[in-house]
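K.L.:
There are 2 protein chains.
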Amino acid sequence: MKRDSRLSGVLHVLLHMAEQGEPMTSEQLAKAMQTHPVVIRRILGGLRDAGFVHSEKGHGGGWTIAKDLADITMRDVYDAIGRPSLMAMGNRTEAPGCLVEQAVNAALDTGFREAEALLLARFGEVTLAALAADFHARMAARSLSPTAQEHIHG
Amino acid sequence: MKRDSRLSGVLHVLLHMAEQGEPMTSEQLAKAMQTHPVVIRRILGGLRDAGFVHSEKGHGGGWTIAKDLADITMRDVYDAIGRPSLMAMGNRTEAPGCLVEQAVNAALDTGFREAEALLLARFGEVTLAALAADFHARMAARSLSPTAQEHIHG
DNA sequence: GTTTCATGTAACTTTAAATAGTGCGTGAAA
DNA sequence: TTTCACGCACTATTTAAAGTTACATGAAAC
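Protein chains in written order, with our numbering: chain A, 79 to 232; chain B, 79 to 232.
1) Would you kindly report the start and end of the unbroken beta strand (DSSP E) that includes T142 of chain A?
2) Can you pull the chain A neighbours of E177 of chain B, defined as C-beta to C-beta under 7 Å?
3) Closer than 8 Å by C-beta to M95 of chain B: which residues in its own chain qualify, once you throw out the five before and the five after it? Chain order, please.
4) According to the Cβ coordinates, are L209 of chain B and A185 of chain A closer than 7 Å?
5) At a CB-CB cut-off below 7 Å, which residues of chain A make contact with V204 of chain B?
6) To which residues does DSSP link V131 of chain A through a beta bridge?
7) Using 7 Å as the threshold, is the C-beta distance between I121 of chain B and G99 of chain B below it?
8) Are any of the Cβ atoms in chain A nearer than 7 Å to that of S163 of chain B?
9) Between which two residues does the alpha helix (DSSP H) carrying V204 of chain B extend?
10) CA-CA distance, A149 of chain B and A148 of chain A?
11) So does the region 169-183 of chain A actually touch the region 193-200 of chain B, counting three or more Cβ pairs closer than 8 Å?
12) Could you spell out the range, first to last residue, of the alpha helix (DSSP H) harbouring R153 of chain A?
13) So with Cβ pairs under 7 Å, would you call G140 of chain A a contact of chain B?
14) Comparing the C-beta of S235 of chain A with each C-beta of chain B, is any distance below 7 Å?
15) Which residues of chain A have a Cβ atom closer than 7 Å to the Cβ of L209 of chain B, listed in chain order?
16) In terms of alpha-carbon separation, which member of A:A158, A:F190, A:G136, A:R153 lies closest to L164 of chain B?
17) M152 of chain A and F213 of chain A: beta carbons closer than 7 Å?
18) With 16 as the cutoff for other CB atoms within 10 Å, does H137 of chain A come out buried or exposed?
19) Give the single residue among A:C176, A:V182, A:R216, A:G129 whose Cα lies nearest to the Cα of A92 of chain A.
20) Ordered along the chain, which non-local residues of its own chain (more than five positions away) have a Cβ less than 7 Å from that of G232 of chain B?
21) Evaluate H90 of chain B with the Cβ neighbour count: other Cβ atoms within 10 Å of its Cβ, from every protein chain shown; 16 or more gives buried, anything less gives exposed.
22) Could you compute how far the alpha carbon of G160 of chain A sits from the alpha carbon of I118 of chain A?
23) Which residues bound the alpha helix (DSSP H) around M111 of chain A?
24) Here's the rule: buried if 16 or more other CB atoms are within 10 angstroms of the residue's CB, otherwise exposed. What is V116 of chain A?
25) Answer with buried or exposed for L222 of chain A, where buried requires no fewer than 16 other C-beta atoms within 10 angstroms of its C-beta.
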């Protein structure tokens with residue numbers, strides 16, 4: 079399957095915005111993420127509607143964080159991008175008439191629901207502030223290391 | 079993403095084989111699952127290599143279960159088909175140089191690993207015998223119901 | 001006010017992975 | 001020796017994500 083990387087991508091973008099402090103354009107963010115500006119606008123669209131980011135048109139415009147990083151969890155972000163399916167596997171047929179398949183689906187669904195619930199709970203425990211703190215810790219570790227590199231993207 | 083239904087499919091096939099008692103050809107199984115015989119051979123190939131089913135060529139040939147249903151778990155079946163990825167979401171980039179992305183990936187991976195572990199543990203708890211029992215319970219329930227239908231596949 | 005910059009959005013195209021299908025080879029039973 | 005059924009390599013189709021193009025809207029600069 080082709081794995082969905084929108085959540086990973088949007089978290090990445092949000093942290094870069096937070097680091098910057100001032101408005102960043104879709105083009106700047108796209109360059110940082112090695113993707114297309116329209117892709118950025120698309121994935122940030124849901125975040126804007128949810129009130130997590132703000133966008134401004136025209137000169138000096140761009141994207142800014144609209145909330146404190148400590149008040150945004152990965153779960154919030156996941157919800158804002160439309161709750162894409164988390165499980166790579168599904169049932170062959172939904173609502174099958176075959177009783178064998180119903181039994182199989184029931185067993186699989188039970189496991190999938192539990193795993194999803196666990197994952198969402200974990201997402202709810204991690205704020206963007208925590209991610210930013212982790213990033214800063216990595217920065218500090220890298221600058222201390224003898225093989226420290228100057229660039230942030232590579 | 080296109081969700082993988084091989085596990086669902088192979089479990090379905092195995093239970094039908096178990097119900098039948100005698101060898102079933104790929105064509106019969108394909109008809110029951112509304113798919114192509116080659117697809118059946120493909121998904122059963124791993125199960126044969128793992129020793130869970132046996133295949134016989136020529137007249138009277140076909141597929142049979144090679145172990146007691148109580149000795150095969152959904153986890154076994156999952157392993158036998160090659161442990162396809164369970165999570166629909168992944169990281170934008172593996173081994174990124176960007177420290178922001180490293181922080182994001184680390185947080186996401188932690189959640190994914192926990193969810194996968196839970197799911198696999200649940201799979202390990204469910205035997206094919208349990209699935210067959212569930213199927214028989216559904217059969218009984220249907221035959222008692224006023225809107226009982228004769229067909230098994232629909 | 002008009003030019004420039006930047007987002008908003010609706011298409012369309014490309015790409016990756018699952019699934020479906022074809023053809024031919026092999027081996028066993030009738 | 002014919003028929004049946006699996007084994008396997010290869011190709012085709014399908015689906016959803018990701019990338020791209022095109023154009024409209026609105027705000028700041030001049």
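Cβ atoms here follow ideal geometry from the backbone N, Cα and C, with glycine treated the same way.
Source: prediction; values computed, not measured.
P.N.:
Per the coordinate set shown:
1) It spans 140-143 - the beta strand (DSSP E) in which T142 of chain A sits, taken as one unbroken run.
2) It is worth fixing the name first, because residue 177 of chain B is Leu in this sequence and not Glu. Ordered by position in chain A, the residues that pass the 7 Å Cβ test against L177 of chain B are F213, R216, M217, R220, I230.
3) M102, L107, V131, W141, T142, I143
4) A contact, by the Cβ cut-off of 7 Å.
5) A185
6) A:I143
7) no
8) yes
9) V204 of chain B -> no alpha helix (DSSP H), and no H or E assigned at all.
10) Here residue 149 of chain B is Asp; the residue named in the question, Ala, does not match the sequence. Roughly 49 Å separates the two Cα atoms.
11) no
12) 152-158
13) no
14) Given a span of 79 to 232 for chain A in the structure shown, any question on residue 235 of chain A remains unanswerable.
15) A181, V182, A185
16) A:F190
17) no
18) exposed
19) Sequence check: residue 92 of chain A is Leu here, not Ala. Among A:C176, A:V182, A:R216, A:G129, the Cα nearest to that of L92 of chain A belongs to A:G129.
20) Caution applies to G232 of chain B, whose pLDDT of 34 falls short of 50 and renders its modelled position unreliable; the model cannot decide the point.
21) buried
22) For G160 of chain A and I118 of chain A, the distance between alpha carbons rounds to 15 Å.
23) 104-111
24) exposed
25) exposed
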